[in-house]
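There are 2 protein chains.
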Amino acid sequence: MELSDRKKKILQFVVDDYIETAVPVSSKSLTEKHLSNISSATVRNELSALEELGYLTQLHTSSGRVPSAEAYKLYVSDLMVKDKLSTKELDYIKKIFLEKADNLEEVIKSTTKIISELTSYPSVGLKSKDSGEKIENIKFFRFKKDQALVIIVTEYRLLKDNYINVPENMTDEQLQDAEKVLSNMFSGKNFEEICNLKPELQDDFMGYKNIFVNVIEALKVYMQANEGDVVMEGEDKILRHPEYADINKIQNFLSVVTSKDKVMNLLTEDGKDIKINVKIGTDGYDEIPEDCSVVTATYTANGNKLGTYGVIGPIRMDYQKVVAVLENVGKVLESILSKR
Amino acid sequence: MELSDRKKKILQFVVDDYIETAVPVSSKSLTEKHLSNISSATVRNELSALEELGYLTQLHTSSGRVPSAEAYKLYVSDLMVKDKLSTKELDYIKKIFLEKADNLEEVIKSTTKIISELTSYPSVGLKSKDSGEKIENIKFFRFKKDQALVIIVTEYRLLKDNYINVPENMTDEQLQDAEKVLSNMFSGKNFEEICNLKPELQDDFMGYKNIFVNVIEALKVYMQANEGDVVMEGEDKILRHPEYADINKIQNFLSVVTSKDKVMNLLTEDGKDIKINVKIGTDGYDEIPEDCSVVTATYTANGNKLGTYGVIGPIRMDYQKVVAVLENVGKVLESILSKR
DNA sequence: GTTAGCACTCAAAGCCTTCAAGTGCTAACT
DNA sequence: AGTTAGCACTTGAAGGCTTTGAGTGCTAAC
Chain A
1 MELSDRKKKI LQFVVDDYIE TAVPVSSKSL TEKHLSNISS ATVRNELSAL
51 EELGYLTQLH TSSGRVPSAE AYKLYVSDLM VKDKLSTKEL DYIKKIFLEK
101 ADNLEEVIKS TTKIISELTS YPSVGLKSKD SGEKIENIKF FRFKKDQALV
151 IIVTEYRLLK DNYINVPENM TDEQLQDAEK VLSNMFSGKN FEEICNLKPE
201 LQDDFMGYKN IFVNVIEALK VYMQANEGDV VMEGEDKILR HPEYADINKI
251 QNFLSVVTSK DKVMNLLTED GKDIKINVKI GTDGYDEIPE DCSVVTATYT
301 ANGNKLGTYG VIGPIRMDYQ KVVAVLENVG KVLESILSKR
Chain B
341 MELSDRKKKI LQFVVDDYIE TAVPVSSKSL TEKHLSNISS ATVRNELSAL
391 EELGYLTQLH TSSGRVPSAE AYKLYVSDLM VKDKLSTKEL DYIKKIFLEK
441 ADNLEEVIKS TTKIISELTS YPSVGLKSKD SGEKIENIKF FRFKKDQALV
491 IIVTEYRLLK DNYINVPENM TDEQLQDAEK VLSNMFSGKN FEEICNLKPE
541 LQDDFMGYKN IFVNVIEALK VYMQANEGDV VMEGEDKILR HPEYADINKI
591 QNFLSVVTSK DKVMNLLTED GKDIKINVKI GTDGYDEIPE DCSVVTATYT
641 ANGNKLGTYG VIGPIRMDYQ KVVAVLENVG KVLESILSKR
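Protein chains in written order, with the numbering used here: chain A, 1 to 340; chain B, 341 to 680.
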């Protein structure tokens, strides 16, 4: 059912005001602030209709109205006026990124930091493991008789966290040879393609099948491992918001947020093409702490998925600000990283 | 001034009880639980003497007594009975470590996790950057014309987070040659010695002085960089303790604990030979959140400093348990890592 | 469809009383 | 001199009471 224009407008004001003040919104305050042309009684009629429709709730009969999760959803998709950042804020974003632009790890940390600073909410970042990028070549560095570090060079980064076992009787020359064979085999393919290579079907291993199997195994472990790639910033900022005046809520929030794999799940985006993704309330998402919303954005540069970033906060979140920050951070981040 | 045996005993009971219950300790409860041979009036006299001496305080005239920071210090150094872990707990420690023993990163995480689980306090871990270990050799991996990854092999680990710039006109053969020259130069020295090498005094650079300078520069940056090596676990566990019923205290605590460089400072041990280090209360340590204590332990294996681990909690901390856990974790950790 | 007016509801704040835990002190006892 | 029974005194915590005011819903008139 479609809402009348006036209902939409009123609902928007209610959400706006509630986000700003955290105080249930009354008919009187609405007429005073935004609707001086109609009376509070009329607004009351509209409010009770909106309550009937499930967009508003009352804590008790004689309190003002509070938006429901439905209302926030409508607000974000339809009602909200898109915010713009101040030039000061934009300059801040650029400044931080330019200082750190040469190190991907630092960029990820900076991103979460900027987002948290500008929004006043805890922020999270997750760098993608598999961004669809193509592998250029692969290198082994044998640091023990039976162990080697695998260095993988891709289109735009260097992976160096995988280790394989090497047969002790294999000579360094043989390992170098294996390096060449595998480099040829992998070059131009992405991770998914490589992990799906069937050893049985290949006959050009030149005797290095065991090394091949070890590398694939290491890669698979690497792809699955979660943790470690989650970065959080400003967890303590959640306490700035009045809904977290209750210890149980803080407890609940922190227990989710300190568990890296739960945070991981929050960030795994549902839609591939959606840039900004808003999850409001707990509906369906087990990992989200009660009464929380999560707004995430996935950034890409040169067609490669860099990672997903976002904020976690109370349902009563400043969506205007958060969306504006995520969009602008994304723009700067992508423009900087595209140049690399 | 030395306390009488009875005063010591009474003080010990007060601290014991207060740690256990978090309720101010009364003369009556002391006689009932521990001192059935003397009357509560006598205990009251002793308590007020102990208060006079600065070991106890009262919240108000008609409340029981609470230990002061001084009392906790005396308790830890003199009064406390050393706790032993149950075999169940010991088995738990061994089990976790044996599962992860092959990966140093995982060992660090496991360590903080075990400590936090067993003590119910947030725990922190910091792996040492410079453990005094000797460098074996050094390797360059050039992944771009003008950039190379520096891999450093030491007695017992692999460092691979440093990058240097390479002159574009340098051939791969020259870089390999530089690798050999520098490996020879560094081999058998520790980080400190290397960083102190004076380029002017060396004449066997064979033309690779620029590479040498870049490597030293990268190493120095690496040694200084903090963050990233701090691991935390169980931040949310602080809320289990009744002193954190107040939002301001939580705020205060979290703001310290979410800042990695503050946590870093907490863990930089003051004495070199002290294994277990107890910092009680805020006295002198700016980084410690108000009314908190920090207990840390530094672990070594084969003479190499592995890192520092510890817990952060309220002053009213279960020091018996914490010290016992840290000692036992240390034993297991060191025995496992010595075998590597 | 809008609005003035009024009765009704309900949480929050302030105030008062009661309650019980605990101390300090004095005087008597060993 | 050290110990102890006894009692007055203090004080926060808890519960109950009233007051206050913000806000609604409904009705009747416009």
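Every residue, glycine too, gets a C-beta built ideally from N, C-alpha and C.
Just so it is clear, the structure is predicted and the values come from calculations on it, not from any experiment.
Distance between residue j and residue i (C-alpha atoms, nearest Å)
| i | j | result |
| --- | --- | --- |
| A:Ala297 | A:Ile115 | 11 Å |
| B:Asn588 | B:Glu575 | 16 Å |
| B:Cys632 | A:Met264 | 31 Å |
| B:Thr622 | A:Ala71 | 47 Å |
| A:Lys220 | B:Leu559 | 32 Å |
| B:Asn554 | A:Glu99 | 20 Å |
| B:Tyr584 | A:Gln251 | 11 Å |
| B:Lys479 | B:Leu499 | 10 Å |
| A:Pro24 | B:Asn502 | 54 Å |
| B:Glu457 | A:Thr57 | 41 Å |
| A:Leu182 | A:Ile216 | 11 Å |
| B:Val635 | B:Leu606 | 10 Å |
| B:Met657 | B:Ile359 | 6 Å |
| A:Ser22 | B:Val570 | At residue 22 of chain A the sequence reads Ala, which differs from the Ser that was named. Using only the alpha carbons, I get a separation of about 36 Å. |
| A:Ser120 | A:Val329 | 15 Å |
| A:Asn184 | A:Lys88 | 50 Å |
| B:Gln516 | A:Lys198 | 36 Å |
| A:Val107 | B:Ile620 | 37 Å |
| B:Gln514 | B:Met563 | 27 Å |
| B:Ala488 | A:Leu85 | 39 Å |
| B:Ser369 | B:Tyr625 | 35 Å |
| B:Asp486 | A:Pro242 | 52 Å |
| A:Val257 | A:Asp78 | 30 Å |
| B:Leu343 | B:Val383 | 15 Å |
| B:Glu630 | B:Phe593 | 8 Å |
| B:Leu579 | B:Ile491 | 42 Å |
| B:Gly650 | B:Glu533 | 29 Å |
| B:Lys520 | B:Ile616 | 42 Å |
| B:Gly472 | B:Asn644 | 6 Å |
| B:Phe531 | A:Glu168 | 30 Å |
| B:Val464 | A:Gly207 | 47 Å |
Bridge partners - residue i, DSSP secondary structure assignment
| i | result |
| --- | --- |
| A:Ser123 | A:Glu233, A:Val311 |
| B:Asn477 | B:Val493 |
| A:Asn304 | A:Ala301 |
| A:Arg142 | A:Ala148 |
Residue span of the alpha helix (DSSP H) that contains residue i, given as start and end
| i | result |
| --- | --- |
| B:Ser408 | No alpha helix (DSSP H) holds B:Ser408; DSSP gives it neither H nor E. |
| B:Tyr358 | 345-361 |
| B:Ser388 | 380-392 |
| B:Val663 | 659-678 |
| A:Leu197 | Here A:Leu197 belongs to no alpha helix (DSSP H), and DSSP marks it neither H nor E. |
| A:Thr282 | Taken as a continuous stretch (DSSP letters only), A:Thr282 belongs to no alpha helix (DSSP H), as it is neither H nor E. |
| A:Leu56 | That residue, A:Leu56, is in no alpha helix (DSSP H); its beta strand (DSSP E) goes 56-58. |
| B:Ser369 | 367-373 |
| B:Ile433 | 427-440 |
Delimiting residues of the beta strand (DSSP E) encompassing residue i
| i | result |
| --- | --- |
| A:Tyr299 | 292-301 |
Counting only runs that start and end within the region 212-278 of chain A, where is the beta strand (DSSP E) found for 3 or more residues in a row? 230-233
What are the residues in the region 592-623 of chain B lying within 7 Å of chain A by C-beta distance? Leu594, Ser595, Thr598
Between the region 128-161 of chain A and chain B, which residues of the former have a C-beta closer than 7 Å to a C-beta of the latter? Lys139, Phe141, Phe143, Leu149, Ile151, Val153, Leu158, Lys160
For the region 42-67 of chain A, which residues have a beta carbon sitting closer than 7 Å to at least one beta carbon of chain B? none
Which residue spans inside the region 484-530 of chain B form an unbroken alpha helix (DSSP H) run of at least 4? 512-526
Determine which residues of the region 103-120 of chain A have a Cβ less than 7 Å from any Cβ of chain B, and write them out in chain order. none
Where the region 551-564 of chain B meets chain A: residues whose CB sits under 8 Å from a CB there: none
Can you give me, in chain order, the residues of the region 577-588 of chain B that have a beta carbon less than 7 Å from any beta carbon in chain A? Leu579, Ala585, Ile587
Give me the subset of the region 422-441 of chain B whose CB atoms are less than 8 Å from a CB atom of chain A, sorted by chain position. none
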